[in-house]
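Below you'll find the structure, written out as structure tokens, and then a few comments.
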Amino acid sequence: MTNKKRPELVKEGERLDDLQLGGLELIQNPGKFCFGVDAVLLSDFARVKEGETVLDMGTGNGIIPILLSAKTPGKHFTGLEIQADTAEMARRSVRYNDLEDRINIVTGDIKEAADIFRPAFFDVIITNPPYMLAQHGLKNTDDSMAVARHEVLCSLDDILRESMRLLQDKGRFYMIHRPFRLAEILIKMNAYKIEAKRLQFVHPYVDKEPTMVLIEGVRGAKSRVTVEPPIIMYERNADGEQAASVSKY
432 MTNKKRPELV KEGERLDDLQ LGGLELIQNP GKFCFGVDAV LLSDFARVKE
482 GETVLDMGTG NGIIPILLSA KTPGKHFTGL EIQADTAEMA RRSVRYNDLE
532 DRINIVTGDI KEAADIFRPA FFDVIITNPP YMLAQHGLKN TDDSMAVARH
582 EVLCSLDDIL RESMRLLQDK GRFYMIHRPF RLAEILIKMN AYKIEAKRLQ
632 FVHPYVDKEP TMVLIEGVRG AKSRVTVEPP IIMYERNADG EQAASVSKY
């Protein structure tokens, strides 16, 4: 890491968050959607090999490409983000961390991803998509947080269709989502020729139902899925209070 402090890259109202990973920091705006534990879990779950190229659909502030650049030996990471101001902030984070040679942020629509990037293909596509359907409790479709949480600007079908078009044969697809939509997700992945190969459920506590599911798919693969041991986010201490702990059972 050769980065020197560059305060001019952080605008008024923004903050720098230490990622606790190789000195990396991320520019975030507290008034917009900030990354959560789901992005960290997804970056841990994804398998990126040496020399591979990765596309992050709906990259937001660029957290996933930045994390993957430190956690994996991947050759190059591209983030696609439709909101121009958010994409611009992600580019500043890339510059702040001196990662311009490994990460590129593109402003564009997921629904047009194949047209944007072809003739290029990717070894890995990763996404932390909106979990909720557009009509589910949505009040303000212009709000950046609504865009991040609800299928306002893209749907699950859009993501899977464009992933099918852009993945190499036997390329890998990674996503984190809500378990209540798992049946729908698996059916649609199969329809778009992305076969589910690996699932891992994330539970808040060992005795609580899962709140997230991590999914790996492979384009053009045969049907066979492995369910990995669950991730338990927290344990309770002797007083029954929450004690931070991430473990696998």
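All residue numbers for the sequence shown refer to the working numbering, where the first residue is 432 and numbers rise by one.
Virtual Cβ for every residue (Gly too), placed ideally from N, Cα, C.
- In the same chain as L597, and ignoring 5 residues on each side of it, the C-beta atoms closer than 8 Å to its own belong to L486, A544, A545, F548, R549, A551, F552, F553, I556, in chain order.
- Annotation note: the segment 475-511 contains the following uninterrupted alpha helix (DSSP H) runs of length 4 or greater, listed N- to C-terminal: 494-502.
- A distance of 8 Å or more separates the beta carbons of R603 and V633.
- Residue range 613-622 is occupied by the alpha helix (DSSP H) that includes N621.
- Here R533 has S500, H507, F508 as same chain residues with Cβ atoms under 7 Å from its own Cβ, once five neighbours each way along the sequence are excluded.
- Scanning P461, K502, C465, N492 for the CA closest to the CA of R478 turns up K502.
- Judged by their CB atoms, L587 and I541 are not nearer to each other than the 8 Å cut-off.
- Nearest neighbour of S474 by Cα position, chosen from L450, Q459, P461, turns out to be L450.
- The Cβ-Cβ distance between A627 and M620 falls below 8 Å.
- Sequence-distant partners of T657 (beyond 5 residues in either direction) whose C-beta falls short of 6 Å from its own C-beta, in its chain, are R629.
- Excluding five sequence positions before and after R437, the CB atoms of its chain that fall closer than 6 Å to its own CB belong to Y527, given in chain order.
- Taking C-alpha positions only, G491 is separated from P461 by approximately 13 Å.
- Uninterrupted beta strand (DSSP E) stretches at least 3 residues long and entirely within the segment 584-671 occur at 598-608, 625-634, 643-650, 662-667, given in chain order.
- In terms of Cβ geometry, G539 and I513 form a close pair [threshold 8 Å].
- In chain order, D600, K601, K624 place their CB closer than 7 Å to the CB of G651, counting only its own chain and leaving out the 5 sequence neighbours on each side.
- If you draw a straight line from the Cα of M664 to the Cα of V441, it is about 32 Å long.
- In the DSSP assignment, I458 falls within the unbroken beta strand (DSSP E) covering 456-459.
- Cα atoms of I646 and E659: separation of roughly 10 Å, rounded to the nearest angstrom.
- Each residue's CA atom was taken as its position, placing R667 and V644 some 22 Å apart.
- With contacts defined by Cβ atoms closer than 8 Å, P560 and M606 form a contacting pair.
- In the three-state DSSP reduction, V537 falls in the strand class (E or B).
- The criterion of a C-beta distance shorter than 8 Å is not satisfied by P610 and Q631.
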